[in-house]
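Mapped onto the working numbering, the consecutive letters of the sequence shown carry residue numbers 3 to 354.
Ideal placement from N, C-alpha and C gives every residue a C-beta, glycine not left out.
Here's the structure, in structure tokens; my notes come after.
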Amino acid sequence: MAVTLHDIAEKTGVDVSTVSRAMNNKSNVKEETKQRIWQVAQTLGYRPNRVARSLVTQKTNTLGLVMPSTKCLGHTLFSWMLEGISLEAEKLGYSLSFSVVDIGIQGEKTAITKLEEHRVDGLILGWFKEKYIEESTLVQLAQREIPFIVIGDRHLSSRDINMIACDNFLGAYKATNHLIDLGHEKIALISGRTDNPIVKNRLAGFNAALEQAGIHYSDQSIKRLMKEEDFSAAGAGERGMRSLLDSDEEFTAVFVLSDMCAAEAIRAIQQRGLNVPNDYAVVGFDGAEYGRLLNPSLTTVKQPYREIGQKAVRMLKQLIAGEVLPKNRVWIEPQLIIRESCGAQRTATATQ
């Protein structure tokens with residue numbers, strides 16, 4: 003039989019109303035009494051009735067999480083983000099209602115509607131691209147006064163939308179500056195579709211590092227993937243690298259804007275009988291776990307998606323409480339992971 007407030011009251015020798023106030027962490031109960039009640043509740047195995055509590059507080063202590071299709075869920079970044087969200091939600095006393103939708107605007111709208119019907123206290127919208135979740139939809143959501151956080155690098159004109167993302171500009175700046183510090187001046191870039199804000203920000207960071215170092219480069223050194231291709235397109239990095247190798251452009255290093263494409267670029271270099279990093283240094287971006295298993299192991303910029311997930315939950319908790327966030331655009335700094343593909347380890351050994 004389930005333990006009730008009456009059972010706790012009888013065991014602690016206080017009335018039921020005091021137990022109720024203590025369990026809801028009200029300030030009009032002495033801290034010593036609260037501790038005693040909570041200890042007895044834990045000993046008895048008390049579990050609060052979420053439905054009954056929600057009727058009183060109008061809160062369900064449930065967060066809705068909407069994610070893109072199962073294809074995206076296989077990505078390392080998603081697993082990091084989900085771990086961060088889950089751990090922080092549990093820490094703050096929230097349960098999660100999780101919805102994976104088919105890529106497309108209607109699928110996303112349907113998922114949001116379903117979660118609203120389940121009376122979630124707030125929403126986290128994870129990593130949707132502009133073409134899959136329009137800003138107008140987000141504005142409508144904000145007008146309905148539903149607390150929500152968008153995860154992912156997007157260009158949003160509305161200041162009513164709260165967003166958290168990896169600082170892609172800073173990550174690309176760090177990677178490029180690292181190659182410059184290693185003595186590289188002729189640095190090529192394998193990019194993705196430039197209508198993608200992630201690509202735009204990484205390209206801007208790349209440019210900023212070169213300009214700060216006084217390095218001038220030709221647009222020919224920037225090999226963008228075909229317009230119909232994205233970072234997830236199989237073989238895209240290999241095709242981009244072959245295009246660079248077949249060109250007349252001189253370069254000693256290449257910065258690739260995703261780890262998967264970087265791995266394929268290394269393969270393309272090695273297929274020509276060339277060596278990484280002796281002939282060409284390579285740096286990627288993402289921090290995918292498989293990067294350390296490559297030969298050579300991949301130097302990369304690790305996206306802090308576990309931290310992003312945790313911070314998103316904390317931000318959402320503030321919004322649910324009616325607080326105004328200090329910033330509605332939060333950028334989390336990524337980490338440069340130095341391994342073999344950039345030649346830094348070889349350089350360090352040679353100078354010892």
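Taking all protein chains in view, the Cβ of Val326 is surrounded by fewer than 16 other Cβ atoms within 10 Å, so the residue is classified as exposed. Listed in chain order, the non-local C-beta contacts of Ser97 below 6 Å within the same chain comprise Thr64, local neighbours out to five positions each way being set aside. About 7 Å separates the CB atoms of Asn170 and Gly207; that is less than 8 Å, so the two are in contact. Met69 and Phe80 have their C-alpha atoms spaced approximately 9 Å apart. Rounded to the nearest angstrom, the Cβ distance from Ala264 to Leu184 is 16 Å, too far for a contact under 8 Å. Within a 10 Å sphere around the beta-carbon of Thr178 sit 16 or more other beta-carbons, which makes this residue buried. In this structure, Val42 places its C-beta atom within 7 Å of the C-beta atom of Thr14. The straight-line gap separating the alpha-carbon atoms of Ser260 and Phe287 is approximately 4 Å.
DSSP places Gln305 outside any alpha helix (DSSP H), giving it a letter other than H or E. Leu46 is classed as exposed because its beta carbon has fewer than 16 other beta carbons within 10 Å across all chains shown. Between the alpha carbons of Glu85 and Thr254 lies a distance of about 38 Å.
With distances taken between CA atoms, Tyr48 lies nearest to Ile10 out of Leu67, Ile10, His77 and Asn26.
Residue environment: Gln312 is assigned as buried (16 or more neighbouring CB atoms within 10 Å of its CB, all protein chains considered). DSSP links Thr64 through a beta bridge to Ser97. Cβ atoms of Leu321 and Gly124 come within 8 Å of each other, at about 6 Å. Distance check between Lys188 and each of Val152, Pro149, Ala236 and Phe257 places Phe257 closest, using alpha-carbon atoms only. For Gly286, no alpha helix (DSSP H) encloses it; the enclosing beta strand (DSSP E) starts and ends at Ala283 to Asp288.
Just measuring C-alpha positions, the residue of Leu338, Leu318 and Phe100 sitting nearest Val332 is Leu318. Cys263: not part of any beta strand (DSSP E); member of the alpha helix (DSSP H) spanning Asp261 to Gln273, first to last residue. About 19 Å separates the CB atoms of Pro328 and Cys168; that is not less than 8 Å, and the two are not in contact. Taking C-alpha positions only, Ile148 is separated from Val315 by approximately 15 Å. Assignment of Val315 by DSSP, reduced to helix, strand and coil, places it in the helix class.
Here Ala91 is buried. Its C-beta has 16 or more other C-beta atoms within 10 Å. Spanning the alpha carbons of Val122 and Ile166 requires a straight line of approximately 20 Å.
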